[in-house]
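K.L.:
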Amino acid sequence: MSAAENRPALAVALAATADSVAAYIDGAIARSGAPGARLSAAMRHATLAGGKRLRPFLVIESAALFGVPSHAAMPAAAALECIHCYSLVHDDLPAMDNDDMRRGRPTVHRAYDEATAILAGDGLLTLAFEILADDATETDPAVRLALIASLARAAGVAGMIGGQMLDLAAEGRFAEGAAHGVPLDLPADSIIELQAMKTGALLRQACEAGALLGRASPAERASLDRYARAVGRAFQIADDLLDVEGEAGLVGKAVGKDAAAGKATLVGKLGIEGARAELARLVSEAEAALAGFGSAATLLVEAAYFIADRRN
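Taken in order, the sequence shown gives residues 1434 to 1745; the numbers are from the working numbering.
1) Closer than 8 Å is the cut-off here; do at least three beta carbon pairs connect the stretch 1660–1675 with the stretch 1517–1532?
2) Rounding to the nearest angstrom, what Cα-Cα distance links leucine 1635 and alanine 1510 in this structure?
3) Terminal residues of the continuous alpha helix (DSSP H) containing phenylalanine 1562?
4) If you run the structure through DSSP and keep just helix, strand and coil, what is methionine 1598?
5) At what residue ranges does the stretch 1691–1732 contain a whole run of the alpha helix (DSSP H), taking only runs of 4 or more?
6) Which of the three DSSP states, helix, strand or coil, is assigned to arginine 1538?
7) Apart from the five residues on each side of it in sequence, which residues of its chain come closer than 8 Å, Cβ to Cβ, to proline 1539?
8) Check whether the Cβ atoms of lysine 1696 and alanine 1621 lie closer than 8 Å to each other.
9) Output needed for glycine 1682: all residues of its chain with C-beta closer than 7 Å, excluding positions within five of it in sequence on either side, in chain order.
10) How is serine 1520 classed by DSSP in three states: helix, strand or coil?
11) From what residue to what residue does the alpha helix (DSSP H) around leucine 1627 run?
12) Measure the CB-CB distance between aspartate 1388 and arginine 1637 and report whether it falls below 8 Å.
13) Just the Cα atoms here: how many angstroms apart are glutamate 1547 and alanine 1479?
14) Going by other Cβ atoms of all chains shown within 10 Å of its Cβ, with 16 needed for buried, is serine 1495 buried or exposed?
15) Expressed to the nearest angstrom, what Euclidean distance is found between the alpha-carbon atoms of glycine 1643 and serine 1583?
16) Under the rule that 16 or more other beta-carbon atoms within 10 Å means buried, what is proline 1489, buried or exposed?
17) Can you tell me where the alpha helix (DSSP H) with proline 1651 in it begins and where it stops?
18) Going by DSSP in three states, arginine 1648 sits in which element: helix, strand or coil?
19) Compare the Cα-Cα distances from alanine 1710 to each of Pro1651, Thr1731, Asp1742, Ile1564 and report the closest residue.
20) Pick out the complete alpha helix (DSSP H) segments inside the stretch 1461–1516, 4 residues or longer, and give them in chain order.
21) Distance check for leucine 1487 and valine 1684, CA to CA, integer angstroms please.
22) Could you tell me whether the Cβ atoms of leucine 1645 and leucine 1601 are closer together than 8 Å?
23) Starting from arginine 1586, trace the alpha helix (DSSP H) in both directions and tell me its first and last residue.
24) Which same chain residues, not among the five before or five after tyrosine 1432, have their C-beta less than 6 Å away from its C-beta?
25) Write down the C-beta distance between alanine 1729 and leucine 1498 rounded to the nearest angstrom, noting that I regard them as a contact closer than 8 Å.
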């Protein structure tokens, strides 16, 4: 039984979000004007192959705290998922993580070719901002601008892109700070900072987008951000544990690659039991951050536990 199936209401909500996001992105790609069939097909391969759709789920559920219906939050949710999927396409490339499988099937550069994969990722990146800039996404231009700025920051050099660069440097990819090919022995706080940028930034943006759509107060935004920070760290620890303990057939991608590449992880620093203890602490922190929202935040709390328990 999957982690989501242990929580029936969450499983239903995640499945509904996944279906709706896939349909929205499929339509957005169809409207994008991509020339020929190959580029559109590669973009669909990157985005419509399943996945938990956790980031768009967090957008929708965060917005729901303030009475925003799911259809009104969908464009911002889909835009964020486009960014996430583009990042996976580029992360999988031979120059980066060199992965052959993603979500149980060939990565985009394996299914097509490297050039098409790069362009498909670029296409999804720019499509995300095209979606957010559309006045159909949000009638208030100030909110649209805030959404665009929020996603740009989270995806850029101070967020996901910068985190990926730090991750590569920690593997010893570059000569700065260590001999080429020799992984850096990062302290725990540096690993936390790296992961907060590479993984946590988009998860934080998901909750920030929901708060922006819902016109949340500063205090409400701060509570959601505390939740998102804890969830982001928990997500990465759970991911690192899967790489150590998971089975490739269940995880949907190769496992055991972090240690082989010398990646800096908290599992490597704290050990499995220490990482599990930190994971439990972060889930409790995430739950406490939402206490002020009462039962309206039930699904977001369930999501924190799901992240910690996931098997793929």
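Just so it is clear, CB atoms sit at the ideal spot from N, CA and C, and this is done for glycine as well.
P.N.:
According to the data block:
1) no
2) 11 Å
3) 1547–1566
4) Here DSSP, grouped into helix, strand and coil, assigns methionine 1598 to helix.
5) 1699–1722
6) strand
7) Closer than 8 Å at Cβ, skipping near neighbours: Asp1533.
8) no
9) At glycine 1682 the pLDDT is 48, less than 50, meaning the model places this residue with poor confidence; the figure from the coordinates comes in the next sentence. Nothing listed; no residue qualifies.
10) helix
11) 1621–1628
12) No information on residue 1388 is available, as it lies outside the stretch 1434 to 1745 that the chain covers here.
13) 13 Å
14) It is buried - the Cβ of serine 1495 has at least 16 other Cβ atoms within 10 Å.
15) Cα to Cα, glycine 1643 sits roughly 11 Å from serine 1583.
16) buried
17) Run containing proline 1651: 1651–1678, per the alpha helix (DSSP H) assignment.
18) coil
19) Asp1742
20) Complete alpha helix (DSSP H) runs here, min 4: 1469–1480, 1487–1497.
21) Below a pLDDT of 50, predicted positions are generally treated as unreliable, and valine 1684, at 49, falls in that range; no measurement from the model is reported.
22) no
23) 1574–1588
24) Look at the range of the chain in this structure, 1434 to 1745, and you will see that residue 1432 is not part of it.
25) 5 Å
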